[in-house]
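K.L.:
Below you will find the structure I want to go over with you.
Numbering (the UniProt record's numbering), first residue to last: 1 to 367.
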């Protein structure tokens, strides 16, 4: 008899255990849970609001200097680079020596200047003699006029050479053909295209140096064809870099390209950022998040108010300190720190958005 009772008890226990395992745990939405005075200081209550939905688009990009605020240093004459005094990224001041070039063109200009000065001195003496002879009736007016024309030609030729020397470096050149390249403005060397020993051709159109003050920088980001409609001028852009992962730089989309890059089929957008602390350097890799608002509206709550459990999303609705309701909600999307709700909440509902897990456990009966 004892064995039979023991067997029946065992079977009953197994059936009860199987029933418990097969039955889903109910959500105790109507279970009364009160918020104690100490708990009240630990929680945060937010109100659900009807807002315009935002969208985010993550892009990759890189830092570039402001192309509208740079000074490009071009060679005044061809020649060989004897020395380069600065490196890429160096800070330079106005008038600082950047490089020294030895130029046959500069040396030739000084040779021409010597010749034109000699010609001008001869023409001046001839003019003085012709004027004396003409005033004393010894020579004709024609001879005097011809001497004046010769003098004017010699003066013009001398002035032309002087201007060429001034244009080709002025006081930064000498008769030996040395040409000193100096910084026209203060800033940072963001581009350097010469090295010591290299030759500069007179017909070379490339700049030797590019100087930028780096007060503003451009971020060029790549937008794939499928995302073109999500980016417009004026949208907010948040930029982060590998160098400063915890620092967020905020700017606006300044320009959107009208054509796609033929190689990688992406559209370029430009974001202008202030660079007051000189943290952003050209060629830095960046992550760009573009935020935009579409026309649709929905109820929204702080993202931290949503509890995800058993593949469902819940919020705790706060009506009173002893009137808490666990509510399942449908989610449209979460952007930054805001979650947009499709069902389960209406505008004006108050939800707990901090330490709600403690109350969630009590409402569901979990320990």
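By construction, the Cβ of each residue, glycine as well, lies at the ideal position given by its N, Cα and C atoms.
#1: Just checking my contact of residue 109 with residue 161 at CB under 8 Å: how many whole Å lie between their CB atoms?
#2: Identify the continuous beta strand (DSSP E) that holds residue 362 and give its terminal residues.
#3: For the stretch 292-308 against the stretch 345-357, are there 3 or more C-beta pairs whose distance is under 8 Å?
#4: For residue 253 versus residue 228, is the C-beta distance shorter than 8 Å?
#5: Within 10 angstroms of its Cβ, does residue 121 collect 16 or more other Cβ (buried), or is it exposed?
#6: Three-state secondary structure (DSSP) at residue 143?
#7: Between 308, 329, 311, which lies nearest to residue 317 when the distance is taken from Cα to Cα?
#8: How far does the beta strand (DSSP E) with residue 64 in it extend, from its first residue to its last?
#9: Can you check which of these residues, 240, 276, 313, is closest to residue 285 by C-alpha distance?
#10: Apart from the five residues on each side of it in sequence, which residues of its chain come closer than 6 Å, Cβ to Cβ, to residue 191?
#11: For residue 28, does the three-state DSSP call read helix, strand or coil?
#12: Starting from the C-beta of residue 84, find all residues in its chain whose C-beta is less than 7 Å away, skip the five residues before and the five after it, and write them out in chain order.
#13: Closest to residue 36 by CA distance: which of 322, 327, 262 is it?
#14: Measuring CA to CA, which of 343, 270, 327, 326 is closest to residue 59?
#15: Assign residue 42 to one of three DSSP states: helix, strand, or coil.
#16: Who does residue 197 pair with in a DSSP beta bridge?
#17: Would you check if there are 3 or more beta carbon pairs closer than 8 Å linking the stretch 129-143 to the stretch 215-231?
#18: Between the stretch 87-105 and the stretch 67-79, are three or more C-beta pairs nearer than 8 Å?
#19: Determine the direct distance from the alpha carbon of residue 358 to that of residue 311, and round the result to whole angstroms.
#20: If you reduce the DSSP assignment to three classes, tell me which class residue 287 lands in.
#21: By the 10 Å Cβ neighbour count, where 16 or more other Cβ atoms means buried, how is residue 163 classified, buried or exposed?
#22: Distance check for residue 56 and residue 351, CA to CA, integer angstroms please.
#23: In whole angstroms, give me the CA-to-CA distance for residue 38 and residue 355.
#24: Do residue 238 and residue 223 come within 8 Å of each other at the CB atom, strictly closer than that value?
#25: Do you know whose CA, among 327, 326, 353, lies nearest residue 337's CA?
#26: Kindly indicate which three-state DSSP category residue 138 falls into: helix, strand or coil?
#27: Do residue 123 and residue 151 come within 8 Å of each other at the CB atom, strictly closer than that value?
#28: CA-CA distance, residue 89 and residue 292?
#29: Evaluate residue 242 with the Cβ neighbour count: other Cβ atoms within 10 Å of its Cβ, from every protein chain shown; 16 or more gives buried, anything less gives exposed.
#30: Are the CB atoms of residue 92 and residue 101 nearer to each other than 8 Å?
#31: Given a cut-off of 8 Å on the beta-carbon distance, is the pair residue 116 and residue 157 in contact?
#32: Does the beta-carbon distance from residue 94 to residue 186 come in below 8 Å?
#33: Please classify residue 208 as buried or exposed, where buried requires at least 16 neighbouring CB atoms within 10 angstroms.
#34: Tell me whether the beta-carbon of residue 212 lies closer than 8 Å to the beta-carbon of residue 65.
#35: Under three-state DSSP, which class holds residue 317?
#36: Specify the secondary structure class of residue 297 as computed by DSSP and reduced to three states.
P.N.:
Taking the coordinates as given:
#1: On the chain shown, residue 109 is found 109 positions in, with the first residue counted as 1. On the chain shown, residue 161 is found 161 positions in, with the first residue counted as 1. Yes, residue 109 and residue 161 are in contact; Cβ-Cβ is about 6 Å, under 8 Å.
#2: By one-based count along the chain shown, residue 362 stands at place 362. Premise fails: residue 362 lies in the alpha helix (DSSP H), 356-364, not in any beta strand (DSSP E).
#3: Contact annotation: the stretch 292-308 touches the stretch 345-357, with at least three C-beta pairs closer than 8 Å.
#4: Residue mapping note: residue 253 aligns to position 253 of the chain shown, counting from 1. Residue mapping note: residue 228 aligns to position 228 of the chain shown, counting from 1. No, they are not a contact pair.
#5: Position 121 of the chain shown holds residue 121. Around the beta carbon of residue 121, a 10 Å sphere encloses fewer than 16 other beta carbons of the protein chains shown; the residue is thus reported as exposed.
#6: Reading the chain shown from its first residue, position 143 is the one you call residue 143. Correct three-state label for residue 143: helix.
#7: Reading the chain shown from its first residue, position 317 is the one you call residue 317. That would be 329, whose Cα lies nearest to the Cα of residue 317.
#8: Here residue 64 refers to the residue found at position 64 when the chain shown is read from its first residue. Annotation: the continuous beta strand (DSSP E) that includes residue 64 extends over 49-65.
#9: Counting from 1 along the chain shown, the entry for residue 285 is found at position 285. Answer by Cα proximity: 240.
#10: Residue mapping note: residue 191 aligns to position 191 of the chain shown, counting from 1. Within its own chain, the residues whose Cβ lies closer than 6 Å to the Cβ of residue 191, once the five positions on either side in sequence are excluded, are 210, listed in chain order.
#11: As a position in the chain shown, residue 28 is number 28, starting the count at 1. The predicted position of residue 28 is uncertain, since its pLDDT is 43 and thus under 50; a value taken from the coordinates is nonetheless stated next. Correct three-state label for residue 28: coil.
#12: Here residue 84 is taken as the residue at index 84 of the chain shown, counted from 1. Counting only residues of its own chain and dropping the five nearest sequence neighbours on each side, residue 84 has a CB closer than 7 Å to the CB of 99, 194, 195, 196.
#13: Here residue 36 is taken as the residue at index 36 of the chain shown, counted from 1. Among 322, 327, 262, the Cα nearest to that of residue 36 belongs to 322.
#14: Locating residue 59 in the chain shown gives position 59, where the first residue counts as 1. For the set 343, 270, 327, 326, the Cα lying nearest the Cα of residue 59 is the one of 270.
#15: Your numbering for residue 42 matches position 42 in the chain shown. Of the three classes helix, strand and coil, the one that applies to residue 42 here is coil, per DSSP.
#16: In the chain shown, residue 197 corresponds to position 197, counting from 1. Per DSSP, none; premise fails for residue 197.
#17: Contact fails between the stretch 129-143 and the stretch 215-231, because fewer than three Cβ pairs, one in each stretch, are under 8 Å apart.
#18: These segments touch.
#19: Stepping through the chain shown from its first residue, residue 311 is reached at position 311. Stepping through the chain shown from its first residue, residue 358 is reached at position 358. When rounded, the distance between both Cα atoms is 19 Å.
#20: Translated into the one-based positions of the chain shown, residue 287 becomes position 287. Strand.
#21: Along the chain shown, one-based indexing puts residue 163 at 163. Result: exposed.
#22: On the chain shown, residue 351 is found 351 positions in, with the first residue counted as 1. On the chain shown, residue 56 is found 56 positions in, with the first residue counted as 1. Between residue 351 and residue 56, the C-alpha separation is close to 25 Å.
#23: The residue you call residue 38 lines up with position 38 of the chain shown. The residue you call residue 355 lines up with position 355 of the chain shown. Residue 38 and residue 355 have their C-alpha atoms some 12 Å from each other.
#24: Here residue 223 refers to the residue found at position 223 of the chain shown. Here residue 238 refers to the residue found at position 238 of the chain shown. If you check the CB distance, residue 223 and residue 238 do not come in under 8 Å.
#25: Indexing the chain shown from 1 puts residue 337 at position 337. Measuring from the Cα of residue 337, the nearest candidate turns out to be 353.
#26: Within the chain shown, residue 138 is the residue found at index 138, counting from 1. In the three-state DSSP reduction, residue 138 falls in the coil class, being neither helix nor strand.
#27: To locate residue 151, count along the chain shown from 1; it is residue 151. To locate residue 123, count along the chain shown from 1; it is residue 123. Between residue 151 and residue 123, the CB-CB gap stays under 8 Å.
#28: As a first step, residue 89 is located in the chain shown; it is residue number 89 there, counting from the start. As a first step, residue 292 is located in the chain shown; it is residue number 292 there, counting from the start. Taking the straight line from one Cα to the other gives about 35 Å.
#29: Looking up residue 242 in the chain shown gives position 242. Residue 242 should be labelled exposed.
#30: Sequence index remark: in the chain shown, residue 92 carries index 92 (1-based). Sequence index remark: in the chain shown, residue 101 carries index 101 (1-based). No, the pair does not count as a contact, with Cβ atoms beyond the cut-off.
#31: Walking along the chain shown from the start, residue 116 turns up at place 116. Walking along the chain shown from the start, residue 157 turns up at place 157. Going by C-beta atoms, residue 116 is nearer than 8 Å to residue 157.
#32: Locating residue 94 in the chain shown gives position 94, counting from the first residue. Locating residue 186 in the chain shown gives position 186, counting from the first residue. For residue 94 and residue 186, yes; Cβs fall inside 8 Å.
#33: Translated into positions along the chain shown, residue 208 becomes position 208. That one is buried.
#34: To locate residue 212, count along the chain shown from 1; it is residue 212. To locate residue 65, count along the chain shown from 1; it is residue 65. Going by C-beta atoms, residue 212 is nearer than 8 Å to residue 65.
#35: As a working mapping, residue 317 is identified with position 317 in the chain shown. In the structure shown, residue 317 adopts extended strand secondary structure according to DSSP, grouped into three states.
#36: Within the chain shown, numbered from 1, the residue matching residue 297 stands at position 297. Annotated three-state conformation of residue 297 is strand, per DSSP.
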